[in-house]
Structure formats: structure tokens, C-alpha cells
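Okay, structure first, notes after.
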Amino acid sequence: MATQSCMLFFLILGLAASNVVAIAIPSHKIQSLNRSSFPRGFIFGSASAAYQYEGAAFEGGKGPSIWDAFTHNFPGKIRDHSTGDVAVDQYHRYKEDVKIMKDMGLDSYRFSISWPRILPKGKLSGGVNKEGIKYYNNLINELLANGLKPFVTLFHWDTPEALDVEYNSFLSPRIVKDFVDFVDVCFREFGDRVQHWITINEPNIFTIGGYAKGINAPNRCSAWMNFNCTDGDSSTEPYLVGHNLIKSHAAAVKLYKTKYQATQKGVIGITIASHWFVPYSKSPQDHAAAQRSLDFLYGWIMDPIVFGHYPRSMRVNVRNRLPRFTKKESETIKGSFDFIGLNYYTAFYSANLLASNITNSSYLTDSHASISSDRNGVLIGPATGSPWLHVYPRGIQDLLLYTKRTYKNPVIYITENGVSDLNDENSMLKEVLNDTMRIDYYNRHLYFVNLAIG
């Protein structure tokens, strides 16, 4: 589970160490950044996820999610063996949190609605939890009363455990109807005050962590990976889950646009996470590998919702393990967004991986690319508290411009960007609050966002 601080930005596009690649930015340009550096309408905010923030995991009529089951049954897969049972207790302390956001001068707050807090058994037939409806009404009203715009994510990985037990949730196309029923309740109950909806947060990362690597809920992967997974197949299940997530997204967007958008006058999109990929060498093979890496992470979701089909490299490499959309499905999926939410944290080097060197078929190897955080012993950027996250601010500009060129210049919200550091229980509060590392991280990323707007 990520522990990094997150920021939310809005735009429309028309630490140096001897063993780290340094991005040279004149310090005066970074230090001069302020609100006036960005266009009118640019939004600054913060972001969260229900399971990581709310707590009250078994209170207020909420049903269990796959993350409740995962953290209790496989505590060793969480670094500090923690759970979301209490988290930061936002369920009880949301007014304090909103006050902090207001005092910080933020414009918006992105949060997710817990599916099992609204539908404890995952389905309408199991009943709607009125206490859950009341909580989100209270949170939304508190945000608006304090001048903060709510950005609401409908699914941030906490699938109702009941649906996972009944039919393996997103492995089955049955999930589409149950998801649409859930979001219908949300649109009806909250849509008069919510103007920005996000259907699904990071469908690609949810799928990779939960069904390819088995490091996240619901703990599925191939046995040969030796990750103590309960079951799974890393060569097929990620593609099935991704396929059903995309169909669920498109169905939710269709519902909103046909039933609610005209009267509620909001907008709806999806949030996708992507790293940037730098070719390991100047060879054409490594340049092609970097593109395939991007296809398999970002294009996996972006190509279907923009063009109606998966990237060519995925179709060629995965072949019959990659599901196909019907003509009708493709028509529904294509263009199913008003905006794109983009989560960016880091970058990797990508090198060509010969098919002959691949022992087991897996989503993780199907791109025929090998990714790493260092090249010849030199890190791509400074290390952080997460082993996968190295600071590479230029990547956010590269990704924004790539999105503009490749995907028809969509409206983009940067829905997550941040950095983690290791928890040091011996640190004094004054030292922690003097957070120069995180300030520098945001300044550098904002500098490159500004260049992308340019």
C-alpha cells in the first residue's frame, strides 16, 4: 500500500548524489514558482483512498472488502503488518481533515467511496447502507462549506469481499452489472453536489499488484512466482481483470452520460497511473522496448478508451491470451471519458528482453522489456522510502506531452503525484515538519508541469 503524500493538479494541454542522474534546473526558476505561475483555473488539492484513510472498517454497517481480508490473512505482505481498520480515522475525524485542507489553502480534495460501505454485500439485492450514504453526504457537504471541490473516485481497489467469494469479482464479466448498480446509487445520492467523477483508480496497477504479482489484494498470481498466492495465473488473469475493468468503466460512463449528466452537469473520467520509460541505451531495440513498456502499462488502458482496441504490441505479444472487445463493446469504450486522471511518481530504464530468455509467460514479461532503476550502477534519480520510487521529475513533462500527442490532446487532471520517506519513530516533530525533501520534490515536478503547459 502506498504511503506517499499526494497532490492533485489540473491542466489543459492544446539532491544530487554521485551515483544518481541529476536533472539540472536553475534553482531560481524553481524557487520563483507560485500560484500565479500557472493558468487561471489550475487546481491545487490533495488525494486519498477510502481504505487507506477512513478506518472504521467494521463500523457503520460497512461490509468487508478484499483489502480487509488481505491485510488480516496475509499481514506479512504489508511492510509494517498494518491494516486499514483505523488508518487515519477519517471516518470519525473528517471535519478536522477538511479544516487542515482549508488552512493549507487547497482548492479540492479527491477521495474514494468505499463500495462495501454503500453496498455491504456488493449488490443492490443485499441492501443499501444508509449510514454509509450519510457519511459521504456529510463529507461532501463539509468540503463544499469550506470552499473545497470534491473529486470523487468510485472504485479505489476495495472490491466487496462478498463478490470475490461469490464469483471472483473482476475475473468475471458479472462484475460489470454490479459495478453499474453501485455507481448508480452514488450518482443519484451525491451527484447534485459532485461535479467531478472518476470511475476507477489505476485499473492497471490494481490488476498488476493483485493478479500478476500477488503483492496486493486479492493475492492472486502463478504458483511459480513463489509469492504465497492463494491461486491465480499471471499469464491470463491480469488481462481478464483489465478487460472487465475497462468494460465496467465504460458502462459507468454510459450510465452517467445518459441518465445524469444533462441535469447534474458534471464530468466523468478515469485515473491511470504510468511511469515514464527511458531507453537503456541508444539502440533501436531499447527504444522499441521503452515504447512497449509504455504500451503495456499506460496504453493498456488508454488505447481502448481512445481508439477502441489494445495497443498493437500487446496484440502481437500476448496473442490469444489477450481478450478482444466486440464491435459493440469497442464503440461503447471508445471516447468514454471527459477527462483523464494521470498519476505519475517515477521513471525506469527499459531494455530489450529477448523472447528466448523468458522462461514463464506472464504479464510481467510479455512486453519483452526489462526495466530497472539504474544504468551501469547509476540510479535514474534519488532513492526514496519506496524501493520502486526514484525521483525523476522530467518524466511528468514527458508523459504529459506524450499523452497530448498520442491520445488526441485530452483534458488532464494530475490526480496523484508525491514521494514517500521511511518512518523514523525517533524523529522529532520539528524535524519532520521541516520537510525539505518533499518540498523539493513538488517544486521540481511543478516546474516540469509548467513546461508542459508552456
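Per mature numbering (1 follows the signal peptide of the UniProt record, and there is no 0): the sequence shown = residues -22 to -1, 1 to 432.
Glycine included, C-beta positions come from ideal geometry on N, C-alpha and C.
None of these values were measured; they are calculated from a predicted model.
In this model, residue 311 and residue 340 are separated by some 26 Å (Cα to Cα). The straight-line gap separating the alpha-carbon atoms of residue 282 and residue 338 is approximately 27 Å. Counting along the chain, residue 329 sits inside the beta strand (DSSP E) bounded by residues 325 to 330.
Collapsing the DSSP output to three states places residue 18 in coil. The beta carbons of residue 279 and residue 325 sit no closer together than 8 Å.
Annotation: residue 23 is outside any alpha helix (DSSP H); the continuous beta strand (DSSP E) that includes it extends over 23 to 25.
Counting only runs of 4+ residues, the alpha helix (DSSP H) found wholly inside the stretch 163 to 224 occupies 181 to 185, in chain order. Only buried fits residue 139, as 16 or more other CB atoms lie within 10 angstroms of its CB.
Beyond the five residues adjoining it in sequence on each side, residue 233 comes within less than 8 Å, by CB distance, of 158, 161, 162 and 165 in the same chain, given in chain order. The stretch 194 to 208 and the stretch 261 to 268 do not touch, with fewer than three beta-carbon pairs separated by less than 8 Å. Measuring C-alpha to C-alpha distances from residue 284 to each of 123, 365, 353 and 388 identifies 388 as the nearest. Straight through space, the alpha carbons of residue 346 and residue 56 are spaced by roughly 29 Å. Look at the beta carbons and you see the stretch 169 to 178 touching the stretch 102 to 122: at least three pairs across the two are nearer than 8 Å. Within the same chain, and ignoring the five residues on either side of residue 207 in sequence, the residues whose Cβ sits closer than 8 Å to its Cβ are 192, 197, 198, 199, 200 and 201. In this structure, the alpha-carbon of residue 261 lies about 11 Å from that of residue 328. Per DSSP, reduced to three states, the secondary structure at residue 397 is coil, with no helix or strand assignment. In this structure, the beta-carbon distance from residue 141 to residue 87 does not fall below 8 Å.
Closest option to residue 362, judged by alpha-carbon separation, among 218, 398, 28 and 131: 398. With respect to residue 378, residue 430 sits close: the two C-beta atoms are nearer than 8 Å. In the same chain as residue 323, and ignoring 5 residues on each side of it, the C-beta atoms closer than 8 Å to its own belong to -19, 251, 253, 367, 394, 395, 396 and 397, in chain order. Residue 248 has 318 as its beta-bridge partners, per DSSP. Within the same chain, and ignoring the five residues on either side of residue 275 in sequence, the residues whose Cβ sits closer than 7 Å to its Cβ are 182, 252 and 253. Apart from sequence neighbours up to five positions away, the residues of its chain that approach residue 214 with a beta-carbon distance below 7 Å are 299, ordered along the chain.
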